[in-house]
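Chains Y and R are the protein sequences, given in the same order. Quick note on my numbering: the first sequence kicks off at 116 and runs consecutively. Quick note on my numbering: the second sequence kicks off at -15 and runs consecutively. Scroll down for the structure; my scribbles are underneath it.
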Amino acid sequence: AAIPVPKASCKNLCHRHQLFINFRDLGWHKWIIAPKGFMANYCHGECPFSLTTSLNSSNYAFMQALMNAVDPEIPQAVCVPTKLSPISMLYQDNDDNVILRHYEDMVVDECGCG
Amino acid sequence: SQCQEHVFLQFLGLDKVPSPPKFQPVPYILRKIIQDQAAAPSAGVSEDLCYLKELGVRGNVLRLLPDQGFFLNSKKHSQTSSCLQKLLYFNLSAVKEKDQLTIAQLGLDLGPSTYYDLGPELELALSLVQKASVWGKSIPKPGKLFALQSVPWPQGALRFNLLDVAKDWYINPQKNAGLFLEILVKGDRDVEVNFQLEDTCAKLRRSLHASLLVVTLNPEQCHPSSRKRR
């Protein structure tokens, strides 16, 4: 049976949040030609034991949550990316070479407890 | 945070934060690839990052290397058909040891319509430089002719396949003495045309832009098993 999710704590549960990386903020706009920035996102939220099974959790997270219930010294499972996707970056190096390269794991698509 | 930035830049393949004084012109093909890549996730397309469909080759890094060569003093145009001579030199040291070259394409852009009105037919000769010369002390000499192409009208960037040459340079960097480019004018000319020709050749010198597009494949990042089945 589905575990009822308490409405009040929903916003605190582990999920994906929007995060736009603007290269200008990092000063990287001086050497990155494109893109100017990208939506990287991030994961944040709680992973309570009662909801571990419903929050896209790994088996390990479930075991950790179980142990946390037995021994509070052991931390709760944490909210982490579970699916990432790549982006391409076009930049110029110190030798004036223009480089186009694909970088994996740059964008958070999904989050879960791990 | 500077330490973290440095570590991440190394991950990107950079030793330090680049500080280019100005951005180099980016060819259409690179812009198209990055635009397609940006659009792919929203279109729900899962891209193979080790295959460049725009170029039809395997590869995961594209580099556009600028020409670091110099112009050579050619004889007066009235005496010879030579319009300009230039040593083209591309530094391949940015290509890492484990990378496999899959494309090395020389792009020569003669500029926009510089000789269209005048109408002289140009001929372009590309040769390998005979041997490594001490720059500034000896003049590079043209060796084996690599390409000879007639350019009857402005036709955008001209492209030449340099894969075998670049592979040789990559394996033996000391062999990389560059390329000898000569632009010649075809046909007989009267005095008036000769005068205009001086101007055309001067414009060509200013507008000529050469670059080497290099595509490489890193086997560690691109496993054969990750290749999509057709």
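Just so you know, even glycine gets a beta-carbon here, dropped at the ideal spot from N, CA and C.
Other residues of its chain near residue i: CB distance less than 7 Å, five sequence neighbours each side excluded
| i | result |
| --- | --- |
| Arg189 (chain R) | Phe55, Leu68 |
| Val41 (chain R) | Thr86, Ile87, Val199 |
| Pro190 (chain Y) | Asn183 |
| Tyr218 (chain Y) | Pro201, Ile202, Met204 |
| Asn44 (chain R) | Leu33, Cys34, Leu201, Asn202, Gln205, Cys206 |
| Asp224 (chain Y) | Lys198, Leu199, Ser200 |
| Arg15 (chain R) | none |
8 Å Cβ cutoff met for residue i and residue j
| i | j | result |
| --- | --- | --- |
| Phe153 (chain Y) | Ile147 (chain Y) | no |
| Val195 (chain Y) | Gly160 (chain Y) | no |
| Asn212 (chain Y) | Pro157 (chain R) | no |
| Pro2 (chain R) | Asn174 (chain Y) | no |
| Ser66 (chain R) | Leu(-2) (chain R) | no |
| Glu166 (chain R) | Val135 (chain R) | no |
| Ala161 (chain R) | Phe144 (chain R) | no |
| Gly95 (chain R) | Ser191 (chain R) | yes |
| Val222 (chain Y) | Ala155 (chain Y) | yes |
| Leu72 (chain R) | Leu112 (chain R) | no |
| Pro9 (chain R) | Gln207 (chain Y) | no |
| Lys170 (chain R) | Glu105 (chain R) | yes |
| Gly229 (chain Y) | Val185 (chain Y) | no |
| Arg47 (chain R) | Ile136 (chain Y) | no |
Residue i, DSSP secondary structure in three states
| i | result |
| --- | --- |
| Asn212 (chain Y) | coil |
| Gln21 (chain R) | helix |
| Glu(-11) (chain R) | helix |
| Val113 (chain R) | strand |
| Pro163 (chain Y) | coil |
| Glu105 (chain R) | coil |
| Ser203 (chain Y) | strand |
| Cys34 (chain R) | coil |
| Tyr73 (chain R) | coil |
| Glu182 (chain R) | helix |
| Cys125 (chain Y) | helix |
| Asp93 (chain R) | strand |
| Ala194 (chain R) | strand |
| Leu146 (chain R) | coil |
| Phe164 (chain R) | strand |
| His207 (chain R) | coil |
| Asp186 (chain Y) | coil |
| Asp(-1) (chain R) | coil |
| Ile147 (chain Y) | strand |
Cβ neighbours of residue i in the same chain (closer than 6 Å, five flanking residues each side left out)
| i | result |
| --- | --- |
| Ala88 (chain R) | Leu146, Leu147, Ala150, Val198 |
| Val(-9) (chain R) | none |
| Val74 (chain R) | Looking at the sequence provided, one finds Phe at residue 74 (chain R) rather than Val. Closer than 6 Å at the Cβ level, and outside the excluded window around Phe74 (chain R), lie Leu49, Leu196. |
| Leu134 (chain Y) | Ala155, Asn156, Tyr157 |
| Ala194 (chain R) | Asp51, Leu72, Leu92 |
| Leu76 (chain R) | Trp153, Tyr154 |
| Lys125 (chain R) | Gln114 |
| Val120 (chain Y) | Note that Val120 (chain Y) has pLDDT 49, beneath the 50 cutoff, so the model's placement of it is unreliable and the number below is only indicative. Contacts found: none. |
| Gln(-6) (chain R) | none |
| Leu142 (chain R) | Leu92 |
| Gln179 (chain Y) | Ala192 |
For residue i: DSSP bridge partner residues
| i | result |
| --- | --- |
| Asn137 (chain Y) | Y:Gly152 |
| Val246 (chain R) | Lying before the first or after the last residue shown, residue 246 (chain R) is absent from chain R, which here runs from -15 to 214. |
| Val79 (chain R) | The partner list for Val79 (chain R) (beta bridge, DSSP) is empty, contrary to what the question assumes. |
| Phe130 (chain R) | Phe130 (chain R) is not bridged to any residue. |
| Gly227 (chain Y) | Y:Val195 |
| Leu56 (chain R) | R:Gln69 |
| Leu181 (chain Y) | In the DSSP output, where bridge partners are listed per residue, Leu181 (chain Y) has none listed. |
| Arg131 (chain Y) | Y:Cys158 |
| Tyr218 (chain Y) | Y:Ile202 |
8 Å Cβ shell around residue i - same chain, five flanking residues per side excluded
| i | result |
| --- | --- |
| Arg131 (chain Y) | Asn156, Tyr157, Cys158, Val223, Asp224, Glu225, Cys226 |
| Ile13 (chain R) | Glu38, Leu39, Leu197 |
(message) Counting only Cβ-Cβ distances shorter than 7 Å, please list the residues of the stretch 124 to 154 of chain Y near chain R, keeping chain order.
(response) From the stretch 124 to 154 of chain Y, only Lys145, Trp146, Ile148, Ala149, Pro150 have a Cβ closer than 7 Å to chain R.
(message) Tell me which residues of the stretch 196 to 215 of chain Y have at least one Cβ-Cβ distance to chain R shorter than 9 Å, keeping chain order.
(response) So the close ones are Ser200, Pro201, Ile202, Ser203, Met204, Leu205, Tyr206, Gln207, Asp208, Asn209, Asp210, Asp211, Asn212, Val213, Ile214, Leu215.
(message) Under 9 Å, CB to CB, which of the residues in the stretch -10 to 3 of chain R have a partner in chain Y?
(response) Those would be Phe(-5), Leu(-4), Gly(-3), Leu(-2), Asp(-1), Lys0, Val1, Pro2, Ser3, in chain order.
(request) Pull out every residue of the stretch 181 to 193 of chain Y whose Cβ sits closer than 8 Å to any Cβ of chain R, in chain order. (result) Correct list: empty, as no residue qualifies.
(message) Beta carbons nearer than 8 Å to chain Y: which residues of the stretch 32 to 55 of chain R have them?
(response) Going along the stretch 32 to 55 of chain R in chain order, one finds Leu33, Asn44, Val45, Leu46, Arg47, Leu48, Leu49, Pro50 with a Cβ nearer than 8 Å to chain Y.
(message) Using a Cβ-Cβ cutoff of 9 Å, what residues of the stretch 63 to 83 of chain R are near chain Y? List them in chain order.
(response) Taking 9 Å as the Cβ-Cβ cut-off against chain Y, the residues of the stretch 63 to 83 of chain R that qualify are Asn75, Ser77, Ala78.
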